[in-house]
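Engineer: Have a look at this one.
Numbering (full-length UniProt numbering), first residue to last: 1 to 245.
Structure, rendered in structure tokens:
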């Protein structure tokens, strides 16, 4: 399994509120975390980094190596991190802080992931790109209810309002799912700074191009910046090049 992580401030923002990292536990099982922070001043980048590093520090202490244990761990510790960020957000200087969060673990060719917010996890297999996550956003809720069209959703003025985040007052309700992987699969984990700028077709074309995984990450970010780079852009790419155990 190959992993490539890359983040970029984009063309319009003065600081980077995204954060991404990978952590290995005592069994060598890796946890990839990508977070996209929000909040005034420096609150967004503090939220995304704190959520990622706290969750990662909890993971490295475990010896988890089965999917059911990962699922239970997600439920318990994502709420613990939600509480941490919420408590810090009660301080005046960090008021309103929060972050999206994607967490991915791969064991025995099974990917178990947790999704909160509007960052995304995509699977590329053969000639198809499958979006595995559904945005926790106001616009996506309106779209699902049939109140707006996909075209209206793409240009909606409230596109950035999310309905689930780490740091919210209510208990967090992550989407947790398992996906069976095959050799040759690509997993694309990204903040919305990528998918708001370039199409899924562009992502697919870049991911199946004949360059290294690091080059694919750099190309994705370059395309998003060339399209305007209106937000921070972060990607975590995974290539399944052998049987995982």
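Even glycine gets a Cβ: it sits at the ideal position worked out from N, Cα and C.
(1) Starting from residue 120 and walking both ways along the alpha helix (DSSP H), at which residues does that stretch end?
(2) Can you tell which of 4, 38, 13 has the C-alpha that lies nearest to the C-alpha of residue 162?
(3) Using 9 Å as the limit for Cβ to Cβ distance, is residue 234 near chain D?
(4) By a C-beta neighbour count over all protein chains shown, 10 Å radius and 16 as the cutoff for buried, is residue 216 buried or exposed?
(5) For residue 201, which option in 134, 223, 214, 229 has the closest C-alpha, if you only look at C-alpha atoms?
(6) I need the boundaries of the alpha helix (DSSP H) containing residue 57, first residue and last residue.
(7) Taking only the alpha-carbon atoms, compute the straight-line gap between residue 166 and residue 154 and give it to the nearest angstrom.
(8) Have a look at 119, 105, 120 and flag the residue whose alpha-carbon is nearest the alpha-carbon of residue 113.
(9) Which two residues bound the contiguous alpha helix (DSSP H) that contains residue 136?
(10) CB-CB under 7 Å to residue 16, same chain, minus the five flanking residues each way: which ones, in chain order?
(11) Within the same chain, show all residues whose beta-carbon is closer than 8 Å to that of residue 214, passing over the 5 residues directly before and after it, in chain order.
(12) Kindly list the residues whose CB is nearer than 8 Å to the CB of residue 79, restricted to its own chain and excluding five residues on each side of it in sequence; keep chain order.
(13) In the DSSP assignment, the alpha helix (DSSP H) including residue 216 goes from what residue to what residue?
(14) Relative to the C-alpha of residue 73, which residue among 83, 129, 59 is closest?
(15) Please work out which residues of its chain come closer than 7 Å, Cβ to Cβ, to residue 245, disregarding the five sequence neighbours upstream and downstream, and give them in chain order.
(16) Starting from residue 69, follow the alpha helix (DSSP H) in both directions and report where the run begins and ends.
(17) Whole angstroms is fine: what's the gap from residue 49's alpha carbon to residue 160's?
(18) If I follow the unbroken alpha helix (DSSP H) through residue 203, where does it start and stop?
(19) May I ask you to list the residues that DSSP assigns as paired with residue 187?
(20) How many angstroms separate the CA atom of residue 47 from the CA atom of residue 168?
(21) Run through DSSP, which three-state label would residue 141 get?
(22) Would you tell me roughly how many angstroms separate the C-alpha atoms of residue 251 and residue 14, rounded to the nearest one?
(23) Do residue 101 and residue 33 have their C-beta atoms closer together than 9 Å?
Structural biologist: By the coordinates alone:
(1) Within the chain shown, residue 120 is the residue found at index 120, counting from 1. Where residue 120 is concerned, there is no enclosing alpha helix (DSSP H), although the beta strand (DSSP E) it sits in stretches over 120-125.
(2) Mapped onto the chain shown, residue 162 falls at position 162. The residue with the shortest Cα to Cα distance from residue 162 is 38.
(3) Chain labels in this structure do not include chain D; a single protein chain is all it has.
(4) Taking the first residue of the chain shown as 1, we reach residue 216 at position 216. By the neighbour-count rule (16 or more Cβ atoms within 10 Å), residue 216 is buried.
(5) For the purposes of this step, residue 201 is taken as the residue at position 201 of the chain shown. Looking at the Cα atoms, 223 is the closest of the given residues.
(6) On the chain shown, residue 57 is found 57 positions in, with the first residue counted as 1. Start and end: 43-60.
(7) Within the chain shown, numbered from 1, the residue matching residue 166 stands at position 166. Within the chain shown, numbered from 1, the residue matching residue 154 stands at position 154. Looking at the two C-alpha atoms, the distance is approximately 24 Å.
(8) Looking up residue 113 in the chain shown gives position 113. The shortest C-alpha separation from residue 113 is found at 105.
(9) Taking the chain shown and counting its residues from 1, the one referred to as residue 136 is at position 136. Here residue 136 belongs to no alpha helix (DSSP H), and DSSP marks it neither H nor E.
(10) Here residue 16 corresponds to residue number 16 of the chain shown, with the count starting at 1. Correct list, in chain order: 7, 9, 45, 232.
(11) By one-based count along the chain shown, residue 214 stands at place 214. Cβ within range, chain order: 4, 6.
(12) For the purposes of this step, residue 79 is taken as residue 79 along the chain shown, with counting starting at 1. Closer than 8 Å at Cβ, skipping near neighbours: 171, 172.
(13) Indexing the chain shown from 1 puts residue 216 at position 216. Judged by DSSP secondary structure, residue 216 falls within the alpha helix (DSSP H) whose first and last residues are 213-226.
(14) Here residue 73 refers to the residue found at position 73 of the chain shown. With distances taken between Cα atoms, residue 73 lies closest to 59.
(15) The residue given as residue 245 occupies position 245 in the chain shown. For residue 245, the predicted model reports a pLDDT of 49, less than 50, meaning its position is unreliable; a value from the coordinates is still stated below. Cβ neighbours of residue 245 beyond the five flanking positions: 108.
(16) The sequence position of residue 69 within the chain shown is 69, counting from 1. Residues 67-89.
(17) Stepping through the chain shown from its first residue, residue 49 is reached at position 49. Stepping through the chain shown from its first residue, residue 160 is reached at position 160. The alpha-carbon atoms of residue 49 and residue 160 are separated by roughly 20 Å.
(18) In the chain shown, the residue the question calls residue 203 occupies position 203. Segment 200-207, the alpha helix (DSSP H) holding residue 203.
(19) The residue labelled residue 187 in the question sits at position 187 within the chain shown. Bridge partners of residue 187: 123, 238.
(20) The residue you call residue 47 lines up with position 47 of the chain shown. The residue you call residue 168 lines up with position 168 of the chain shown. Distance between the alpha carbons of residue 47 and residue 168 is about 12 Å.
(21) Counting from 1 along the chain shown, the entry for residue 141 is found at position 141. In the structure shown, residue 141 sits in a helix (DSSP, three-state: H, G or I).
(22) Only positions 1 to 245 of the chain appear in this structure, which leaves residue 251 out of reach.
(23) What you label residue 101 is simply residue 101 of the chain shown in a count that begins at 1. What you label residue 33 is simply residue 33 of the chain shown in a count that begins at 1. The answer is yes: Cβ separation under 9 Å.
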